[in-house]
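Residue numbers (my numbering): 69 to 420. For each residue, glycine too, the CB sits at the ideal point set by N, CA and C. Every value quoted in this text rests on a predicted model; they were computed, and no experiment measured them. Notes to accompany the following structure.
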(Lines of atoms letter the chains of each structure in order from A; the text may use other names.)
(Lines give C-alpha, C1' and ligand atoms only; values in the text may rest on other atoms or scores of the structure.)
Protein backbone atom coordinates (compact mmCIF):
# COMPACT_ATOMS: atom_id res chain seq x y z
CA UNK A 69 0.00 0.00 0.00
CA UNK A 70 1.14 3.55 -0.62
CA UNK A 71 0.95 4.51 3.03
CA UNK A 72 3.65 2.00 3.86
CA UNK A 73 6.17 4.32 2.27
CA UNK A 74 5.38 7.16 4.66
CA UNK A 75 8.02 7.65 7.32
CA UNK A 76 6.07 7.64 10.57
CA UNK A 77 7.60 6.93 13.95
CA UNK A 78 5.85 6.27 17.21
CA UNK A 79 8.62 6.59 19.77
CA UNK A 80 12.27 7.32 20.28
CA UNK A 81 14.51 4.59 18.98
CA UNK A 82 18.18 4.24 19.89
CA UNK A 83 20.73 3.59 17.18
CA UNK A 84 22.93 1.88 19.74
CA UNK A 85 21.92 -0.02 22.75
CA UNK A 86 24.47 -2.95 25.89
CA UNK A 87 22.81 -6.10 26.95
CA UNK A 88 24.12 -8.98 29.02
CA UNK A 89 21.00 -10.85 30.13
CA UNK A 90 22.15 -10.90 33.76
CA UNK A 91 19.55 -11.69 36.43
CA UNK A 92 18.02 -8.58 37.93
CA UNK A 93 15.31 -7.50 40.34
CA UNK A 94 11.89 -6.81 38.93
CA UNK A 95 11.23 -3.37 37.46
CA UNK A 96 9.86 -0.96 40.08
CA UNK A 97 8.50 2.48 39.24
CA UNK A 98 10.45 5.30 40.92
CA UNK A 99 8.31 7.01 43.53
CA UNK A 100 10.80 9.31 45.26
CA UNK A 101 11.69 12.65 43.66
CA UNK A 102 15.13 14.21 43.43
CA UNK A 103 16.70 17.07 41.55
CA UNK A 104 17.94 14.67 38.86
CA UNK A 105 16.46 11.19 39.40
CA UNK A 106 18.16 9.82 36.26
CA UNK A 107 21.65 10.77 37.44
CA UNK A 108 20.80 9.66 40.98
CA UNK A 109 19.77 6.16 39.85
CA UNK A 110 22.79 5.71 37.58
CA UNK A 111 25.20 6.72 40.36
CA UNK A 112 23.54 4.48 42.98
CA UNK A 113 21.56 1.49 41.76
CA UNK A 114 23.29 1.66 38.39
CA UNK A 115 26.60 1.17 40.24
CA UNK A 116 28.45 3.92 38.32
CA UNK A 117 30.83 6.30 40.05
CA UNK A 118 30.89 8.80 37.21
CA UNK A 119 28.99 9.68 34.04
CA UNK A 120 31.58 10.25 31.35
CA UNK A 121 29.37 11.39 28.47
CA UNK A 122 25.75 12.09 27.62
CA UNK A 123 24.84 12.03 23.94
CA UNK A 124 21.61 12.59 22.04
CA UNK A 125 20.15 9.67 20.10
CA UNK A 126 17.95 10.43 17.10
CA UNK A 127 15.10 8.52 15.53
CA UNK A 128 12.02 9.38 17.60
CA UNK A 129 9.21 11.88 17.28
CA UNK A 130 7.50 11.61 20.69
CA UNK A 131 10.31 11.30 23.23
CA UNK A 132 13.86 12.56 23.61
CA UNK A 133 16.47 9.80 23.73
CA UNK A 134 19.94 9.93 25.29
CA UNK A 135 22.96 7.66 25.64
CA UNK A 136 24.56 7.85 29.09
CA UNK A 137 28.12 6.52 29.10
CA UNK A 138 29.55 5.67 32.53
CA UNK A 139 32.38 3.75 34.14
CA UNK A 140 29.85 0.97 34.84
CA UNK A 141 28.62 0.66 31.27
CA UNK A 142 26.07 2.47 29.13
CA UNK A 143 22.40 3.29 29.68
CA UNK A 144 19.65 4.33 27.31
CA UNK A 145 17.32 7.02 28.65
CA UNK A 146 14.08 8.35 27.20
CA UNK A 147 12.43 11.51 28.56
CA UNK A 148 9.21 13.32 27.84
CA UNK A 149 8.67 16.79 29.30
CA UNK A 150 4.91 16.89 28.79
CA UNK A 151 3.63 13.37 29.58
CA UNK A 152 3.44 11.87 33.08
CA UNK A 153 5.09 8.63 34.19
CA UNK A 154 2.20 6.28 33.29
CA UNK A 155 3.34 5.97 29.65
CA UNK A 156 6.91 4.92 30.52
CA UNK A 157 5.76 2.73 33.41
CA UNK A 158 3.50 0.87 30.98
CA UNK A 159 6.39 0.51 28.53
CA UNK A 160 8.67 -0.81 31.28
CA UNK A 161 6.11 -3.39 32.41
CA UNK A 162 5.74 -4.54 28.81
CA UNK A 163 9.51 -4.85 28.36
CA UNK A 164 9.68 -6.76 31.64
CA UNK A 165 6.96 -9.20 30.55
CA UNK A 166 8.71 -9.87 27.24
CA UNK A 167 12.10 -10.18 28.93
CA UNK A 168 10.78 -12.77 31.35
CA UNK A 169 9.78 -15.12 28.52
CA UNK A 170 13.54 -15.59 27.88
CA UNK A 171 12.87 -15.83 24.14
CA UNK A 172 13.42 -12.76 21.95
CA UNK A 173 15.86 -10.08 23.03
CA UNK A 174 14.47 -6.82 24.46
CA UNK A 175 16.05 -3.88 26.27
CA UNK A 176 16.09 -4.52 30.00
CA UNK A 177 14.12 -1.77 31.80
CA UNK A 178 15.70 -0.44 34.98
CA UNK A 179 13.61 2.48 36.23
CA UNK A 180 10.78 4.76 35.19
CA UNK A 181 9.46 7.76 37.03
CA UNK A 182 8.55 11.42 37.15
CA UNK A 183 10.85 14.34 36.44
CA UNK A 184 10.83 17.09 39.11
CA UNK A 185 10.33 19.80 36.48
CA UNK A 186 7.43 17.93 34.88
CA UNK A 187 7.26 15.00 32.54
CA UNK A 188 8.79 11.55 32.93
CA UNK A 189 11.70 9.26 32.10
CA UNK A 190 12.69 5.64 31.62
CA UNK A 191 16.18 4.14 32.01
CA UNK A 192 17.02 0.88 30.29
CA UNK A 193 19.88 -1.16 28.92
CA UNK A 194 21.87 0.11 25.99
CA UNK A 195 22.07 -2.56 23.29
CA UNK A 196 24.79 -2.24 20.68
CA UNK A 197 22.95 -2.63 17.38
CA UNK A 198 24.53 -4.07 14.26
CA UNK A 199 24.41 -2.42 10.87
CA UNK A 200 22.32 -5.12 9.18
CA UNK A 201 18.52 -5.28 9.09
CA UNK A 202 19.11 -8.86 10.07
CA UNK A 203 17.56 -12.25 9.74
CA UNK A 204 13.79 -12.18 9.24
CA UNK A 205 13.49 -15.92 9.68
CA UNK A 206 15.08 -15.65 13.11
CA UNK A 207 12.74 -12.78 13.98
CA UNK A 208 9.74 -14.91 13.02
CA UNK A 209 10.97 -17.89 15.01
CA UNK A 210 11.76 -15.83 18.12
CA UNK A 211 8.43 -14.03 17.98
CA UNK A 212 6.62 -17.36 17.81
CA UNK A 213 8.59 -18.54 20.84
CA UNK A 214 7.60 -15.40 22.76
CA UNK A 215 3.94 -15.85 21.85
CA UNK A 216 4.10 -19.48 22.97
CA UNK A 217 5.87 -18.72 26.26
CA UNK A 218 4.00 -15.54 27.23
CA UNK A 219 0.79 -16.85 28.76
CA UNK A 220 -1.67 -15.66 31.39
CA UNK A 221 -4.76 -17.05 33.08
CA UNK A 222 -6.31 -13.58 33.45
CA UNK A 223 -7.72 -13.39 29.94
CA UNK A 224 -7.19 -10.70 27.32
CA UNK A 225 -5.69 -7.39 28.43
CA UNK A 226 -2.75 -6.25 30.53
CA UNK A 227 -1.83 -5.20 34.05
CA UNK A 228 -2.11 -1.50 33.17
CA UNK A 229 -3.39 0.66 30.36
CA UNK A 230 -0.58 1.82 28.09
CA UNK A 231 -0.16 3.68 24.81
CA UNK A 232 -0.01 2.84 21.12
CA UNK A 233 2.13 5.70 19.88
CA UNK A 234 0.72 8.48 22.03
CA UNK A 235 -2.85 7.11 21.85
CA UNK A 236 -4.18 5.55 25.07
CA UNK A 237 -4.59 1.78 24.81
CA UNK A 238 -7.22 0.36 27.15
CA UNK A 239 -6.26 -3.02 28.59
CA UNK A 240 -9.06 -3.88 31.02
CA UNK A 241 -9.18 -7.68 31.31
CA UNK A 242 -11.79 -9.63 29.35
CA UNK A 243 -12.46 -13.34 28.99
CA UNK A 244 -13.69 -12.93 25.41
CA UNK A 245 -11.27 -11.97 22.63
CA UNK A 246 -13.93 -10.87 20.12
CA UNK A 247 -15.46 -8.60 22.76
CA UNK A 248 -12.06 -7.26 23.83
CA UNK A 249 -10.88 -6.52 20.30
CA UNK A 250 -14.21 -5.03 19.31
CA UNK A 251 -14.55 -2.74 22.32
CA UNK A 252 -11.03 -1.97 23.56
CA UNK A 253 -9.30 -1.82 20.19
CA UNK A 254 -11.55 -1.06 17.20
CA UNK A 255 -14.35 0.57 19.18
CA UNK A 256 -12.02 2.87 21.09
CA UNK A 257 -10.29 4.06 17.90
CA UNK A 258 -13.63 4.60 16.13
CA UNK A 259 -14.83 6.76 19.01
CA UNK A 260 -11.65 8.84 18.82
CA UNK A 261 -12.21 9.38 15.09
CA UNK A 262 -15.79 10.49 15.68
CA UNK A 263 -14.85 12.80 18.56
CA UNK A 264 -11.76 14.26 16.89
CA UNK A 265 -12.94 14.58 13.28
CA UNK A 266 -16.71 14.30 13.56
CA UNK A 267 -16.43 11.20 11.38
CA UNK A 268 -19.78 9.57 11.99
CA UNK A 269 -19.58 7.55 8.75
CA UNK A 270 -16.51 5.51 9.73
CA UNK A 271 -17.86 5.25 13.28
CA UNK A 272 -21.18 3.77 12.17
CA UNK A 273 -19.72 1.42 9.56
CA UNK A 274 -16.98 0.34 11.95
CA UNK A 275 -19.50 -0.57 14.62
CA UNK A 276 -21.53 -2.54 12.10
CA UNK A 277 -18.37 -4.54 11.41
CA UNK A 278 -17.75 -5.09 15.14
CA UNK A 279 -21.28 -6.40 15.59
CA UNK A 280 -20.89 -8.84 12.67
CA UNK A 281 -17.26 -9.99 12.82
CA UNK A 282 -17.78 -13.15 14.93
CA UNK A 283 -17.90 -15.48 11.85
CA UNK A 284 -14.28 -14.56 11.11
CA UNK A 285 -13.32 -16.48 14.26
CA UNK A 286 -15.29 -19.68 13.66
CA UNK A 287 -13.38 -22.88 14.51
CA UNK A 288 -10.54 -20.88 16.08
CA UNK A 289 -9.21 -21.52 19.58
CA UNK A 290 -7.73 -18.28 20.87
CA UNK A 291 -5.46 -18.42 23.89
CA UNK A 292 -4.16 -15.16 25.38
CA UNK A 293 -0.49 -14.73 24.54
CA UNK A 294 1.90 -11.87 25.15
CA UNK A 295 1.99 -9.44 22.23
CA UNK A 296 4.51 -6.71 21.48
CA UNK A 297 1.57 -4.70 20.21
CA UNK A 298 3.38 -2.21 17.95
CA UNK A 299 5.66 -4.33 15.78
CA UNK A 300 6.77 -2.10 12.90
CA UNK A 301 10.20 -1.62 11.33
CA UNK A 302 11.15 1.25 13.67
CA UNK A 303 10.70 -1.04 16.68
CA UNK A 304 12.76 -3.92 15.26
CA UNK A 305 16.56 -4.03 15.27
CA UNK A 306 19.40 -6.55 15.32
CA UNK A 307 22.34 -6.71 17.69
CA UNK A 308 26.02 -7.24 16.83
CA UNK A 309 25.40 -11.01 16.66
CA UNK A 310 22.54 -10.44 14.19
CA UNK A 311 19.99 -11.52 16.81
CA UNK A 312 16.62 -9.71 16.57
CA UNK A 313 15.74 -7.11 19.19
CA UNK A 314 12.25 -5.63 19.62
CA UNK A 315 11.70 -2.24 21.25
CA UNK A 316 9.09 0.30 22.33
CA UNK A 317 6.22 -2.12 22.97
CA UNK A 318 2.52 -1.57 23.52
CA UNK A 319 2.14 -4.95 25.23
CA UNK A 320 -1.01 -6.82 26.09
CA UNK A 321 -2.24 -10.43 26.07
CA UNK A 322 -4.25 -11.18 22.94
CA UNK A 323 -4.63 -13.29 19.80
CA UNK A 324 -1.17 -13.99 18.38
CA UNK A 325 -2.26 -12.92 14.88
CA UNK A 326 -2.83 -9.37 16.13
CA UNK A 327 0.95 -8.86 16.34
CA UNK A 328 1.04 -8.80 12.53
CA UNK A 329 -1.23 -5.73 12.47
CA UNK A 330 1.61 -3.37 11.57
CA UNK A 331 2.94 -5.67 8.83
CA UNK A 332 2.28 -2.98 6.20
CA UNK A 333 4.88 -0.86 8.00
CA UNK A 334 7.19 -3.67 9.13
CA UNK A 335 8.35 -5.24 5.88
CA UNK A 336 7.74 -8.82 6.98
CA UNK A 337 8.69 -11.15 4.15
CA UNK A 338 8.00 -14.76 3.27
CA UNK A 339 10.91 -16.00 5.39
CA UNK A 340 9.44 -14.31 8.47
CA UNK A 341 6.05 -16.00 8.12
CA UNK A 342 7.51 -19.36 7.11
CA UNK A 343 9.67 -19.39 10.23
CA UNK A 344 6.83 -18.23 12.48
CA UNK A 345 4.50 -21.01 11.36
CA UNK A 346 7.25 -23.58 10.75
CA UNK A 347 6.96 -27.22 11.84
CA UNK A 348 9.82 -27.99 14.21
CA UNK A 349 11.24 -31.50 14.52
CA UNK A 350 12.09 -32.62 18.00
CA UNK A 351 14.34 -35.53 18.75
CA UNK A 352 13.76 -37.45 21.96
CA UNK A 353 16.01 -40.21 23.15
CA UNK A 354 14.55 -43.19 24.90
CA UNK A 355 16.70 -45.71 26.65
CA UNK A 356 15.40 -49.15 27.35
CA UNK A 357 16.80 -52.52 28.33
CA UNK A 358 16.25 -55.39 25.91
CA UNK A 359 17.82 -58.82 26.42
CA UNK A 360 20.42 -57.32 28.76
CA UNK A 361 21.66 -54.83 26.18
CA UNK A 362 21.18 -51.05 26.32
CA UNK A 363 19.83 -49.60 23.13
CA UNK A 364 19.19 -45.99 22.10
CA UNK A 365 16.18 -45.21 19.99
CA UNK A 366 15.58 -41.87 18.36
CA UNK A 367 11.93 -40.97 18.43
CA UNK A 368 10.86 -38.30 15.99
CA UNK A 369 7.86 -36.12 16.61
CA UNK A 370 6.73 -32.86 15.08
CA UNK A 371 5.34 -29.81 16.84
CA UNK A 372 3.94 -26.63 15.39
CA UNK A 373 4.95 -23.87 17.80
CA UNK A 374 2.31 -21.39 16.61
CA UNK A 375 0.24 -23.13 13.92
CA UNK A 376 -1.68 -21.16 11.34
CA UNK A 377 -5.36 -21.43 12.22
CA UNK A 378 -8.42 -21.69 10.02
CA UNK A 379 -9.44 -18.36 8.50
CA UNK A 380 -6.09 -16.67 9.12
CA UNK A 381 -6.07 -14.93 5.74
CA UNK A 382 -9.63 -13.64 6.24
CA UNK A 383 -8.75 -12.09 9.62
CA UNK A 384 -5.47 -10.51 8.55
CA UNK A 385 -6.91 -7.15 7.48
CA UNK A 386 -9.04 -6.97 10.62
CA UNK A 387 -5.81 -6.64 12.61
CA UNK A 388 -4.41 -4.09 10.16
CA UNK A 389 -7.53 -2.00 10.72
CA UNK A 390 -6.69 -1.15 14.34
CA UNK A 391 -3.38 0.40 13.31
CA UNK A 392 -4.79 2.24 10.30
CA UNK A 393 -7.42 3.76 12.59
CA UNK A 394 -4.72 4.72 15.07
CA UNK A 395 -2.66 6.35 12.30
CA UNK A 396 -5.80 8.22 11.20
CA UNK A 397 -6.28 9.52 14.74
CA UNK A 398 -2.60 10.39 15.20
CA UNK A 399 -1.58 11.71 11.79
CA UNK A 400 -4.73 12.71 9.96
CA UNK A 401 -6.94 11.94 7.00
CA UNK A 402 -4.24 10.36 4.83
CA UNK A 403 -5.00 7.05 6.56
CA UNK A 404 -8.79 7.28 6.51
CA UNK A 405 -9.27 5.75 3.06
CA UNK A 406 -7.21 2.65 3.97
CA UNK A 407 -9.25 2.13 7.14
CA UNK A 408 -12.57 2.68 5.38
CA UNK A 409 -11.60 0.35 2.53
CA UNK A 410 -10.94 -2.48 4.99
CA UNK A 411 -14.26 -1.86 6.74
CA UNK A 412 -16.19 -1.79 3.45
CA UNK A 413 -14.51 -4.99 2.23
CA UNK A 414 -15.46 -6.82 5.41
CA UNK A 415 -19.04 -5.55 5.34
CA UNK A 416 -19.36 -6.97 1.80
CA UNK A 417 -17.73 -10.24 2.77
CA UNK A 418 -19.94 -10.64 5.85
CA UNK A 419 -23.03 -9.31 3.99
CA UNK A 420 -23.62 -6.91 6.88
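C-beta atoms of residue i and residue j nearer than 7 Å
i	j	result
residue 160	residue 177	yes
residue 320	residue 239	yes
residue 270	residue 408	yes
residue 198	residue 310	yes
residue 126	residue 150	no
residue 411	residue 274	yes
residue 318	residue 232	yes
residue 415	residue 329	no
residue 195	residue 307	yes
residue 335	residue 301	yes
residue 241	residue 179	no
residue 305	residue 209	no
CA-to-CA distance, residue j to residue i, given in whole angstroms
i	j	result
residue 107	residue 382	50 Å
residue 285	residue 276	16 Å
residue 254	residue 393	8 Å
residue 227	residue 181	17 Å
residue 257	residue 138	42 Å
residue 229	residue 116	33 Å
residue 156	residue 169	20 Å
residue 346	residue 375	8 Å
residue 92	residue 147	Bear in mind that the predicted position of residue 92 carries a pLDDT of just 47, short of 50, making it unreliable; the figure below should be weighed with that in mind. C-alpha separation (whole angstroms): 23 Å.
residue 120	residue 327	39 Å
residue 164	residue 111	22 Å
residue 418	residue 280	7 Å
residue 225	residue 217	16 Å
residue 191	residue 123	14 Å
residue 461	residue 211	Since the first residue of the chain shown is 69 and the last is 420, residue 461 is not available in this structure.
residue 332	residue 153	30 Å
residue 105	residue 183	7 Å
Cross-strand partners of residue i (DSSP beta bridge)
i	result
residue 173	313
residue 405	The partner list for residue 405 (beta bridge, DSSP) is empty, contrary to what the question assumes.
residue 136	122 and 143
residue 148	188
Residue i CB to nearest heavy atom of the ligand NAP below 6 Å
i	result
residue 390	What this structure holds is no ligand at all, so the ligand NAP is not there to describe.
For this session: Just list the alpha helix (DSSP H) runs in the segment 156 to 244, keeping only unbroken ones of 4 residues or longer that don't cross its boundaries, in chain order.
Result: 204 to 217
Exercise. Given 8 Å as the limit, is there contact between the segment 316 to 335 and the segment 281 to 299, that is, 3 or more CB pairs closer than that?
Worked result: yes
For this session: Ignoring anything shorter than 3 residues or poking outside the segment 252 to 327, list the beta strand (DSSP E) runs there in chain order.
Result: 293 to 295, 304 to 306, 312 to 314 and 320 to 322
Exercise. Any contact of the segment 199 to 209 with the segment 132 to 148, i.e. 3+ C-beta pairs under 8 Å?
Worked result: no
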